[in-house]
Amino acid sequence: MTDTGKVAPFGGFSIAFAPDAPTPAAGGPTSIADRPERTDAKVVIVGSGPAGLTAAIYAARANLEPIVIAGSAPGGQLMLTSDVENYPGFPDGIQGPELMAAFRAQAERFGTQFADVDLDRVDFSSRPFRLWARGTEYRAQAVIVATGASAMWLGLDSETRLRGRGVSACATCDGFFFKDREIAVVGGGDTAFEEATYLTRFASKVHLLHRRDEFRASRIMVERARENPRIEIHTNTGIDEVLGDAKVDGLALRDTATGETRTMPIQGLFIAIGHRPNTEAFRDWLEVDAKGYLVVQDQTNSKVEGVFIAGDVHDHRYRQAITAAGDGCRAAIDAERWLEAEGITEANTLTAW
Ligand SMILES: Cc1cc2nc3c(=O)[nH]c(=O)nc-3n(C[C@H](O)[C@H](O)[C@H](O)COP(=O)(O)OP(=O)(O)OC[C@H]3O[C@@H](n4cnc5c(N)ncnc54)[C@H](O)[C@@H]3O)c2cc1C
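Going left to right, the sequence shown walks through residues 354 to 706 as my numbering numbers them.
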């Protein structure tokens with residue numbers, strides 16, 4: 354936290370993901386931008402995770418002078434992890450906050466302006482589009498929505514304290530750190546079963562914990578898990594506390610039917626109880642699917658011409674930094690071409706490669 358009481362975008366990070374990983378150094382700029390110099394832009398990008406910042410780099414290099422409404426937790430989901438080992442270009446891995454600081458510095462280098470505040474509401478009824486964030490009105494000819502999704506957590510203090518120290522919400526990202534370890538996955542839907550099955554590639558044993566006695570997951574997923582000798586399913590099992598000082602070493606469990614308590618020694622806990630896409634500000638204007646994610650039409654377009662969508666806010670299939678960044682690139686190129694086609698910007702080369 355800064356002395357203004359706000360979370361510094363990239364400063365002061367000291368979480369380490371892998372159970373034995375060293376504490377990462379904080380990286381990158383620590384400044385907070387409350388309000389950019391301008392409030393009118395050809396492109397306003399909402400969100401500052403990999404999708405939003407990649408869109409900013411591309412839009413800025415195409416001379417579109419974008420404004421990024423970065424959110425009150427700038428940097429996105431990678432700020433919640435330390436070792437990122439699957440982002441290309443970093444053979445030794447990179448800390449999540451450091452990677453996002455580099456994205457932001459690159460966007461700033463080409464003239465992107467930032468407001469580290471949450472967007473409250475929008476009016477997409479006519480152009481320029483209008484967006485409001487903490488009392489300031491922004492006007493944009495084109496908008497890129499890249500507000501991502503937030504992983505849902507159990508809400509335990511001990512879970513927050515050990516996040517990045519054995520507690521994760523992304524099996525694809527962090528499973529590798531748990532080779533030959535005994536771990537647990539919590540959840541009862543398809544994602545929990547998928548993640549438990551995936552994690553048996555690394556872990557010696559995976560305990561699947563669910564607080565009810567029935568699963569939301571499809572029968573085939575449940576059957577597959579039951580047949581897997583490395584998975585043990587525990588129903589009626591709630592988590593009271595994640596145990597461990599510097600890293601996870603166990604769970605305090607409660608039988609939700611009898612109230613009986615017990616401990617389970619494990620070295621990792623994967624939370625697989627769902628994601629919440631950050632779409633509140635757009636719900637009156639953009640289409641959402643049954644799970645609450647934004648719906649894209651024809652690559653990155655939304656149903657409102659001039660409003661583009663990128664990253665995890667619509668993608669619940671891949672949910673990776675690289676796919677979100679790729680999406681941000683596509684949305685910026687689509688916005689650029691659209692602005693040219695509308696005669697708002699001069700027809701130029703298609704992209705400033
Ligand atoms: C614990 C964890 C570890 C992970 N590890 C990896 C990994 O190792 N490798 C990998 O490839 N992926 C990893 N991921 C997944 C990866 O972080 C996401 O896929 C990626 O960050 C999605 O990028 P995004 O830009 O679409 O959204 P996000 O990263 O979610 O960013 C969304 C941004 O929008 C902002 N925002 C939201 N609402 C508003 C609003 N109303 N106004 C303004 N701004 C708003 C948020 O503050 C945030 O800045 C991990 C995820 C988690 C949770």
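We put the beta carbon where it would ideally sit given N, CA and C, even for glycine. Just so it is clear, the structure is predicted and the values come from calculations on it, not from any experiment.
Distance between residue j and residue i (C-alpha atoms, nearest Å)
i	j	result
residue 614	residue 593	9 Å
residue 608	residue 547	24 Å
residue 739	residue 549	Because the chain is modelled from 354 through 706, residue 739 falls outside the range shown and cannot be assessed.
residue 554	residue 532	8 Å
residue 383	residue 598	Residue confidence is low: residue 383 scores 43 on pLDDT, short of 50, so the model does not pin down where it sits. Its coordinate-derived value is still stated next. Looking at the two C-alpha atoms, the distance is approximately 28 Å.
residue 693	residue 651	18 Å
residue 516	residue 626	15 Å
residue 590	residue 658	48 Å
residue 695	residue 417	14 Å
residue 493	residue 475	11 Å
residue 447	residue 438	7 Å
residue 403	residue 611	45 Å
residue 397	residue 440	26 Å
residue 583	residue 558	5 Å
residue 377	residue 529	Here residue 377 scores only 33 on pLDDT, less than 50, and its place in the model is too uncertain to base an answer on.
residue 649	residue 618	44 Å
residue 426	residue 665	16 Å
residue 395	residue 419	7 Å
residue 411	residue 473	25 Å
residue 497	residue 635	12 Å
residue 483	residue 468	15 Å
residue 455	residue 423	15 Å
residue 542	residue 674	23 Å
residue 562	residue 685	42 Å
residue 450	residue 457	10 Å
residue 551	residue 586	15 Å
residue 697	residue 413	16 Å
residue 573	residue 421	43 Å
For residue i, three-class secondary structure by DSSP
i	result
residue 556	coil
residue 579	helix
residue 495	strand
residue 425	coil
residue 570	coil
residue 369	Caution applies to residue 369, whose pLDDT of 38 falls short of 50 and renders its modelled position unreliable; the model cannot decide the point.
residue 586	strand
residue 691	helix
residue 435	coil
residue 541	coil
residue 561	strand
residue 697	coil
residue 407	helix
residue 630	strand
residue 673	coil
residue 664	helix
residue 383	Confidence in residue 383 is poor, its pLDDT being 43 and thus under 50, which makes the residue's placement unreliable; the coordinate value appears in the next sentence. Reduced to three states, the DSSP call for residue 383 is coil.
residue 430	helix
residue 606	strand
residue 647	strand
residue 453	helix
residue 616	strand
residue 528	helix
residue 477	coil
residue 635	helix
residue 621	strand
residue 640	coil
residue 321	There is simply no residue 321 to check, as the chain begins at 354 and stops at 706 in what is shown.
residue 535	strand
Cβ pair residue i, residue j closer than 9 Å
i	j	result
residue 524	residue 506	no
residue 400	residue 500	yes
residue 513	residue 680	no
residue 621	residue 534	yes
residue 678	residue 661	no
residue 504	residue 433	yes
residue 389	residue 502	no
Residue i CB to nearest heavy atom of ligand 2 below 8 Å
i	result
residue 422	As presented, the structure is devoid of ligand 2, carrying ligand 1 as its sole ligands.
Residue i Cβ short of 8 Å to ligand 1 heavy atom set
i	result
residue 655	no
residue 430	yes
residue 460	no
residue 440	yes
residue 515	no
residue 673	yes
residue 490	no
residue 404	yes
residue 559	no
9 Å Cβ cutoff, residue i in contact with chain C
i	result
residue 442	You won't find chain C in this structure, because it holds only one protein chain.
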